[in-house]
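The listed protein sequences correspond, in order, to chains H and Y. Residue numbers for the first sequence follow the working numbering, beginning at 7 and rising by one. Residue numbers for the second sequence follow the working numbering, beginning at 529 and rising by one. Quick reminder that beta carbons are idealized off the backbone N, C-alpha and C, glycines included. As the structure is a prediction and not an experimental result, all values here were calculated from the model.
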Amino acid sequence: MDNKFNMTVKNCDLYYGDFHALKNVSMDIDEHEVTALIGPSGCGKSTFIRIFNRMNDLVEGCRVTGDIRIGGRNIFDKSTDVPLLRKNVGMVFQKPNPFPMSVYDNIAFAPRTFGMGGIKKRRELDAVVERSLKQAGLWDEVKDRLRKNAMGLSGGQQQRLCIARALAAEPKILLMDEPTSALDPISTGIIEDLINELKVNYTIVIVTHNMQQATRISDKTAFFLLGEVVEYGSTEEVFTKPQNKKTENYITGRFG
Amino acid sequence: MSVRVRYEKELKEVFDNLVLMCRHIEIAIEKCVKALTERDSQIAGEVCEEEKAIDKLERDIEQSCLRILMMEHPVASDFREVSAALKMITDLERIGDQARDIAEITTQFGDGEYIKKLEHIPQMAVIIIQMVKDGVQAYINRDLALARSLDRTDDKVDELFNVVMNDLTVLIKKNPDNAEQAVMFMMITKYLERIGDHAVNIGEWVEYAITGNHP
Numbered sequence: 007m008d009n010k011f012n013m014t015v016k017n018c019d020l021y022y023g024d025f026h027a028l029k030n031v032s033m034d035i036d037e038h039e040v041t042a043l044i045g046p047s048g049c050g051k052s053t054f055i056r057i058f059n060r061m062n063d064l065v066e067g068c069r070v071t072g073d074i075r076i077g078g079r080n081i082f083d084k085s086t087d088v089p090l091l092r093k094n095v096g097m098v099f100q101k102p103n104p105f106p107m108s109v110y111d112n113i114a115f116a117p118r119t120f121g122m123g124g125i126k127k128r129r130e131l132d133a134v135v136e137r138s139l140k141q142a143g144l145w146d147e148v149k150d151r152l153r154k155n156a157m158g159l160s161g162g163q164q165q166r167l168c169i170a171r172a173l174a175a176e177p178k179i180l181l182m183d184e185p186t187s188a189l190d191p192i193s194t195g196i197i198e199d200l201i202n203e204l205k206v207n208y209t210i211v212i213v214t215h216n217m218q219q220a221t222r223i224s225d226k227t228a229f230f231l232l233g234e235v236v237e238y239g240s241t242e243e244v245f246t247k248p249q250n251k252k253t254e255n256y257i258t259g260r261f262g
Numbered sequence: 529m530s531v532r533v534r535y536e537k538e539l540k541e542v543f544d545n546l547v548l549m550c551r552h553i554e555i556a557i558e559k560c561v562k563a564l565t566e567r568d569s570q571i572a573g574e575v576c577e578e579e580k581a582i583d584k585l586e587r588d589i590e591q592s593c594l595r596i597l598m599m600e601h602p603v604a605s606d607f608r609e610v611s612a613a614l615k616m617i618t619d620l621e622r623i624g625d626q627a628r629d630i631a632e633i634t635t636q637f638g639d640g641e642y643i644k645k646l647e648h649i650p651q652m653a654v655i656i657i658q659m660v661k662d663g664v665q666a667y668i669n670r671d672l673a674l675a676r677s678l679d680r681t682d683d684k685v686d687e688l689f690n691v692v693m694n695d696l697t698v699l700i701k702k703n704p705d706n707a708e709q710a711v712m713f714m715m716i717t718k719y720l721e722r723i724g725d726h727a728v729n730i731g732e733w734v735e736y737a738i739t740g741n742h743p
């Protein structure tokens, strides 16, 4: 992959069998920006972000058409190294999903799997683990229990662990699917601050049902409805003067 | 949806109070001009009561808007509507203050005959009352054309202001003894002219509420 990691989507359609889940979606996502995807449940937001790490490949009957590029390269090209793509495009889910192993092994998972940067020495791996946990704002809370099972962490800690695990793979793009919907306001605040810090180095796409969260953390917002992108623009513009009546009605709670 | 019902109800409360505030302003301006033309200090005193009512309504509307912002987290046109109301009431409250200031000045003329006929000042008052009413109506009816018309109407107020200022300058030059009254008339006229400006501000916030652009 090249050095640039902007994402461009042109005329993308996605089908699950007969179901037309994404309809002629086009969107350009710039590097180092946070893009929020909003819209009612089942409108295609998660389906859309799963295109970028080709997670939909794992879904039987799923078919994608259109031109989808990261850094100018078509990710559906035969030459695409899918594991490398998934290393570069990290993902955090709604429900924290730590692996049933120690905190340390969770974070070390990607560096060990990808054999990144020729990490051979124990000391180097320790450094990656520490750096990733610090980036996710979790280090101080877990540094004395790195060998303990990650399942014993609180929900908010588990979610930050999952973010740290994603960061340890040194991705360029971070996809977040409602990462704070199961968290209390304090954990949510920590993760929102984290997103703000991470955008310096990463491109972030986040699905959220929390309108205030979208206004707080994102630069751009896209409103999805029934598989279509109804409106896509600067977050400030979308939330103060949306151009489309459907967007207005949705965000003001008049339908959906 | 229940959340919407509550929001609409709270916003209606803001609308009702704005209309009430506007009504008090109308009475306050009418009374201060009447206090001047009829040289009636009792009526001047009544303007203070109106001003208190206006201040109270400003607080009430402010509280309602802040409550809506906190509870409902409005966005898009809802957000613009609430923030416009918050800004408008500041102008409306200032108008109340200026009406009270005019009323106070009317009590300081003493018994001497007026140095000039009161003709333009009542004309200004009629226009600015209509401007304030139009501003609030435009907000409630989301009437963009009416909101935008306020700027042009204000030109008439400015013209009358200039006429009065020239008249007073001539009167001072003619006889320096006129200066004392002339200064008081000048201040009254200036306050009225400022009220016109506040009405224009209101019109601009109405435009923001409707279009999202503040002119």
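**Q.** Contact residues within the segment 226-249 of chain H, judged by C-beta distance below 9 Å to chain Y
**A.** Residues 243, 244, 245, 246, 247 and 248.
Q.
If we require 4 or more residues per run, which alpha helix (DSSP H) segments fall completely within the segment 135-182 of chain H?
A. Segments of the alpha helix (DSSP H) lying fully in the segment 135-182 of chain H: 145-148 and 161-174.
**Q.** Contacts around residue 708 (chain Y), its chain only, beta-carbon distance under 6 Å, and the 5 residues preceding and following it disregarded
**A.** There are no such residues.
Q) Using a Cβ cut-off of 8 Å, which residues of the segment 598-615 of chain Y contact any Cβ in chain H, in chain order? A) Of all residues in the segment 598-615 of chain Y, 601, 602, 603, 604, 605, 606, 607 and 608 have a Cβ within less than 8 Å of some Cβ in chain H.
Q.
Within 7 Å of any Cβ in chain Y, is that where the Cβ of residue 258 (chain H) sits?
A. Chain Y contact via Cβ: present.
(Q) Checking 7 Å against the spacing of the C-beta atoms, do residue 621 (chain Y) and residue 586 (chain Y) come in under that value? (A) A contact, by the Cβ cut-off of 7 Å.
**Q.** Alpha-carbon to alpha-carbon, residue 542 (chain Y) and residue 589 (chain Y)
**A.** Across the structure, residue 589 (chain Y) and residue 542 (chain Y) are spaced so that their CA atoms are roughly 6 Å apart.
Q | Three-state class that DSSP yields for residue 530 (chain Y) in the structure shown | A | With a pLDDT of only 47 at residue 530 (chain Y), under 50, the local geometry of the prediction cannot be trusted, and the value read off the model is given with reservation. Residue 530 (chain Y) carries a helical assignment under DSSP once its states are collapsed to helix, strand and coil.
Q.
On a Cα-Cα basis, can you pick out the residue from Y:717, Y:647, Y:545 and Y:732 that is closest to residue 670 (chain Y)?
A. Selected option, being the one with the closest Cα: Y:732.
**Q.** residue 572 (chain Y) vs residue 254 (chain H) beta-carbon contact at 7 Å
**A.** In this structure, residue 254 (chain H) does not lie closer than 7 Å to residue 572 (chain Y) by Cβ.
Q.
Taking the straight line between their C-alpha atoms, what separation do you get for residue 128 (chain H) and residue 169 (chain H)?
A. Residue 128 (chain H) and residue 169 (chain H) have their C-alpha atoms spaced approximately 22 Å apart.
(Q) If you measure between the beta carbons of residue 163 (chain H) and residue 601 (chain Y), is that distance less than 7 Å? (A) Contact flag unset, no.
Q: Just the C-alpha distance for residue 735 (chain Y) and residue 676 (chain Y), rounded to the nearest angstrom, thanks.
A: Residue 735 (chain Y) and residue 676 (chain Y) have their C-alpha atoms some 7 Å from each other.
Q: In the DSSP assignment, find the unbroken beta strand (DSSP E) run with residue 112 (chain H) in it and report its ends.
A: It is not in any beta strand (DSSP E) - residue 112 (chain H) instead sits in the alpha helix (DSSP H) that spans 109-120.
Q: Give a yes or no on whether the minimum CB-CB distance between residue 595 (chain Y) and chain H is below 7 Å.
A: Interface flag for residue 595 (chain Y) against chain H is unset, since no Cβ pair is found closer than 7 Å.
Q.
Quick check on the DSSP output: the alpha helix (DSSP H) that includes residue 38 (chain H) runs from which residue to which?
A. Here residue 38 (chain H) belongs to no alpha helix (DSSP H), and DSSP marks it neither H nor E.
Q) Under the rule that 16 or more other beta-carbon atoms within 10 Å means buried, what is residue 598 (chain Y), buried or exposed? A) It is exposed - the Cβ of residue 598 (chain Y) has fewer than 16 other Cβ atoms within 10 Å.
Q. Should residue 107 (chain H) go down as buried or exposed, given a rule of 16 or more other Cβ atoms within 10 Å for buried?
A. So residue 107 (chain H) counts as exposed.
Q.
Can you find the residues in the same chain that come closer than 8 Å, C-beta to C-beta, to residue 651 (chain Y), ignoring five residues on each side of it along the sequence?
A. These residues qualify, in order along the chain: 688.
Q. Apart from the five residues just before and just after residue 250 (chain H), which ones in its own chain have a Cβ nearer than 7 Å to its Cβ?
A. Correct list, in chain order: 236 and 237.
Q | CB-CB length for residue 174 (chain H) against residue 220 (chain H), believed under 8 Å | A | By a beta-carbon distance limit of 8 Å, residue 174 (chain H) does not contact residue 220 (chain H). Their separation comes to about 27 Å.
(Q) Just to check my reading of the structure: residue 727 (chain Y) and residue 668 (chain Y) have Cβ atoms closer than 8 Å, yes? What is that Cβ distance to the nearest angstrom? (A) In fact, because the Cβ distance is near 15 Å, the residues do not count as touching under 8 Å.
Q: List the residues of chain H whose Cβ lies closer than 7 Å to the Cβ of residue 532 (chain Y), in chain order.
A: Going along chain H in sequence order, the residues near residue 532 (chain Y) (Cβ under 7 Å) are 259 and 260.
Q. Is any beta-carbon of chain H found at less than 7 Å from that of residue 731 (chain Y)?
A. Chain H has no Cβ within less than 7 Å of the Cβ of residue 731 (chain Y).
Q: For the beta strand (DSSP E) containing residue 16 (chain H), list its first residue and its last residue.
A: 13-22 is the span of the beta strand (DSSP E), which, as asked, contains residue 16 (chain H).
Q) By the criterion of Cβ-Cβ separation under 8 Å, what are the contact partners of residue 254 (chain H) in chain Y? A) Within chain Y, the residues whose beta carbon sits less than 8 Å from that of residue 254 (chain H) are 604 and 605, listed in sequence order.
Q. Comparing the C-beta of residue 7 (chain H) with each C-beta of chain Y, is any distance below 7 Å?
A. Bear in mind that the predicted position of residue 7 (chain H) carries a pLDDT of just 43, short of 50, making it too unreliable to give a figure here.
Q. CA-CA distance, residue 29 (chain H) and residue 142 (chain H)?
A. Within the model, the alpha-carbon separation for residue 29 (chain H) versus residue 142 (chain H) is close to 35 Å.
Q: From the DSSP output, read off the bridge partner residues of residue 547 (chain Y).
A: Partner(s): none; residue 547 (chain Y) has no beta bridge.
Q) Along chain Y, in chain order, which residues have C-beta atoms closer than 8 Å to that of residue 100 (chain H)? A) Ordered by position in chain Y, no residue passes the 8 Å Cβ test against residue 100 (chain H), which lies about 22 Å from the chain.
(Q) Considering only the alpha carbon of each residue, which of H:65, H:112 and H:154 lies closest to residue 167 (chain H)? (A) Answer by Cα proximity: H:112.
Q. Going along the chain, which residues of its own chain have a beta-carbon closer than 7 Å to the beta-carbon of residue 623 (chain Y), five neighbours each way excluded?
A. Around residue 623 (chain Y): 553, 660, 723 and 726.
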